[in-house]
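A.B. asks: If you use the UniProt record's numbering, the sequence shown corresponds to residues 1 to 299, in order.
All C-beta atoms in this analysis are idealised placements derived from N, C-alpha and C, irrespective of residue type, glycine included.
None of the values given here were measured: they were computed from a predicted structure.
What follows is a single structure, and I will ask about it in a moment.
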Amino acid sequence: MNNNNKNTQTNRDENHFQINHNMKFRYDLQTFMNNARTLLNMGKFNPKHFKIVDLVISSNKLPGEFDGYKIVQITDIHLGQWLNKEKLDGVVQIINNLEPDCVVLTGDFLSYQANEYLNQLTDSLSKLQPKDVTLSVLGNHDHWTNPEAVRWALRNAGVINLDNDIYTIKRGSDKLQIAGVDSITVGYDDIKKVESKLDYDAPAIMLAHEPDFADTTAKLKPFILQLSGHSHGGQFELPGIRTPIRGRNFRKYPVDTYQVGDMIQYTNRGIGTNSFWFRINSFYEITRITLKTKKYHLN
């Protein structure tokens, strides 16, 4: 085993120890929050709680057949904490009303409990109705909970999960590649595997749960955009500081839009929360991305 493999295995072993050490506390915390949400009657869906953010991405790499192509992104569902099935069903209906060509889900479907919510997750996500496909990647919480169970739920919902893989959408002879890497936080990302499948003559979009992976993605020329979550937009946005809370793998690109080399990085604020259900000036977000071909749209 070479040093890189040894280091990777060591990081995974350390993560595994930390997860097991803290899992009971985290499980109990989620149970407490579920009970508190019920007592406070916070489980009702209200569409006003979710903001649709429009993002236009213009690129001269994008072929004409994909001009106007619409992708809707949600992330960080954390089903079973602040966001219950009623709210997720409501979000799915909002997405369907937007009539997207493609839906992308960028990880953290669960938090610390799996069995109670897998069937709910499958049932809700199976109602998504994109014209082409629904694609996903896993987040760190999915690995901390039960990654195989989450993959099972996604598969049964008709969602294609991209574990260091690429899905190609075709319009006539034109192609758009959507790639996905597994969670960087737990060390299961494999950009070399993605690169080995990449067509350098077609544009690509990366799905990566952790936004700071953009520095790696931007080194590969086909990528015009990376879509991420993980940060919850910092969960608190303050004037002059904006996102004071920055953690592992979301220190550089915690929220909104960034130019990284020739690529755009977009970090979605998420539709759920983890340890705390409240936010300050950081709304729950559904992102609608419209792709534009620069040779047709000069703005």
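Enumerate in chain order the residues of its own chain whose CB-to-CB distance from Ala202 is below 6 angstroms, with the five nearest sequence positions on each side excluded.
C.D. replies: Taking the sequence shown and counting its residues from 1, the one referred to as residue 202 is at position 202. Counting only Cβ-Cβ distances below 6 angstroms, and skipping sequence neighbours, we find Lys175 and Gln177.
A.B. asks: From His45 to Ala149, what distance separates their C-alpha atoms?
C.D. replies: For this step, residue 45 is matched to residue 45 along the sequence shown. For this step, residue 149 is matched to residue 149 along the sequence shown. The sequence given here has Phe at residue 45, not His. Between Phe45 and Ala149, the alpha-carbon positions lie close to 26 angstroms from each other.
A.B. asks: Compare the beta carbon distance of Ile77 and Pro47 with 9 angstroms and say whether it is the shorter of the two.
C.D. replies: In the sequence shown, counting from the first residue as 1, residue 77 sits at position 77. In the sequence shown, counting from the first residue as 1, residue 47 sits at position 47. Against a cut-off of 9 angstroms, the Cβ pair of Pro47 and Ile77 comes out as no contact.
A.B. asks: Ends of the alpha helix (DSSP H) at Glu285?
C.D. replies: Position 285 of the sequence shown holds residue 285. Not the alpha helix (DSSP H): Glu285 falls in the beta strand (DSSP E), residues Tyr284 to Thr293.
A.B. asks: Counting only the same chain and skipping the five closest in sequence on each side, list residues whose C-beta sits under 6 angstroms from that of Val53.
C.D. replies: Numbered from its first residue, the sequence shown carries residue 53 at position 53. These residues qualify, in order along the chain: Glu285 and Thr287.
A.B. asks: With a threshold of 16 other CB atoms inside 10 Å of the CB of Gly229, please say whether the residue is buried or exposed.
C.D. replies: For this step, residue 229 is matched to residue 229 along the sequence shown. It counts as buried.
A.B. asks: What residue from Glu210, Cys102 and Ala157 has the CA that sits closest to Ile71's CA?
C.D. replies: To locate residue 71, count along the sequence shown from 1; it is residue 71. Out of Glu210, Cys102 and Ala157, Cys102 has the C-alpha closest to the C-alpha of Ile71.
A.B. asks: With distance defined between alpha-carbon atoms, name the residue in Lys193, Glu210, Asp142 and Ser173 nearest to Ile166.
C.D. replies: As a first step, residue 166 must be located in the sequence shown, where it is residue number 166. Among Lys193, Glu210, Asp142 and Ser173, the Cα nearest to that of Ile166 belongs to Lys193.
A.B. asks: Could you tell me the alpha carbon to alpha carbon distance between Gly107 and Val137, rounded to whole angstroms?
C.D. replies: Position 107 of the sequence shown, counting from 1, holds the residue named residue 107. Position 137 of the sequence shown, counting from 1, holds the residue named residue 137. Looking at the two C-alpha atoms, the distance is approximately 5 angstroms.
A.B. asks: I'd like the list of long-range same chain contacts for Lys292, defined as Cβ closer than 8 angstroms, with 5 residues on each side in sequence excluded.
C.D. replies: The residue given as residue 292 occupies position 292 in the sequence shown. Cβ neighbours of Lys292 beyond the five flanking positions: Val56, Ile57, Ser58, Ser59, Leu62, Asp67 and Gly68.
A.B. asks: Roughly how many whole angstroms lie between the Cα atoms of Ser196 and Lys219?
C.D. replies: In the sequence shown, the residue the question calls residue 196 occupies position 196. In the sequence shown, the residue the question calls residue 219 occupies position 219. Cα-Cα distance, rounded: 14 angstroms.
A.B. asks: Suppose the cutoff is 8 angstroms on Cβ atoms and the five residues either side in sequence are ignored; what does the same chain contact list for Gly261 look like?
C.D. replies: For the purposes of this step, residue 261 is taken as the residue at position 261 of the sequence shown. For Gly261, where only same-chain residues beyond five positions count, the Cβ hits under 8 angstroms are Ala218 and Lys219.
A.B. asks: Is Tyr112 near Thr75, with beta carbons less than 9 angstroms apart?
C.D. replies: The sequence position of residue 112 within the sequence shown is 112, counting from 1. The sequence position of residue 75 within the sequence shown is 75, counting from 1. No, they are not a contact pair.
A.B. asks: Just reading off the beta strand (DSSP E) that Thr134 is part of, what are its end residues?
C.D. replies: Residue 134 sits at position 134 when you count from the first residue of the sequence shown. Run containing Thr134: Val133 to Ser136, per the beta strand (DSSP E) assignment.
A.B. asks: Under 9 angstroms, do Leu154 and Ser124 count as touching if we go by C-beta distance?
C.D. replies: Here residue 154 refers to the residue found at position 154 when the sequence shown is read from its first residue. Here residue 124 refers to the residue found at position 124 when the sequence shown is read from its first residue. Going by C-beta atoms, Leu154 is not nearer than 9 angstroms to Ser124.
A.B. asks: How many angstroms separate the CA atom of Pro147 from the CA atom of Asn274?
C.D. replies: Here residue 147 refers to the residue found at position 147 of the sequence shown. Here residue 274 refers to the residue found at position 274 of the sequence shown. In this structure, the CA atom of Pro147 is about 17 angstroms from the CA atom of Asn274.
A.B. asks: Could you give the residue range of the beta strand (DSSP E) that holds Ala218?
C.D. replies: If you number the sequence shown from 1, residue 218 lands on position 218. That residue, Ala218, is in no beta strand (DSSP E); it is neither H nor E in DSSP.
A.B. asks: Along the alpha helix (DSSP H) that carries Arg155, what are the first and last residues, could you check?
C.D. replies: Position 155 of the sequence shown, counting from 1, holds the residue named residue 155. Where Arg155 is concerned, the enclosing alpha helix (DSSP H) stretches over Pro147 to Asn156.
A.B. asks: Please state the DSSP three-state secondary structure of Ser173.
C.D. replies: For the purposes of this step, residue 173 is identified with residue 173 of the sequence shown, where counting begins at 1. Here Ser173 sits in coil by DSSP.
A.B. asks: What's the gap between the Cα of Pro211 and the Cα of Pro254?
C.D. replies: Working through the sequence shown from its first residue, we reach residue 211 at position 211. Working through the sequence shown from its first residue, we reach residue 254 at position 254. Spanning the two alpha carbons is a distance of roughly 7 angstroms.
A.B. asks: By Cβ distance, which residues of its chain are closer than 7 angstroms to Lys294, with the 5 residues on each side in sequence left out?
C.D. replies: In the sequence shown, the residue the question calls residue 294 occupies position 294. Cβ within range, chain order: Ser58, Ser59 and Asn60.
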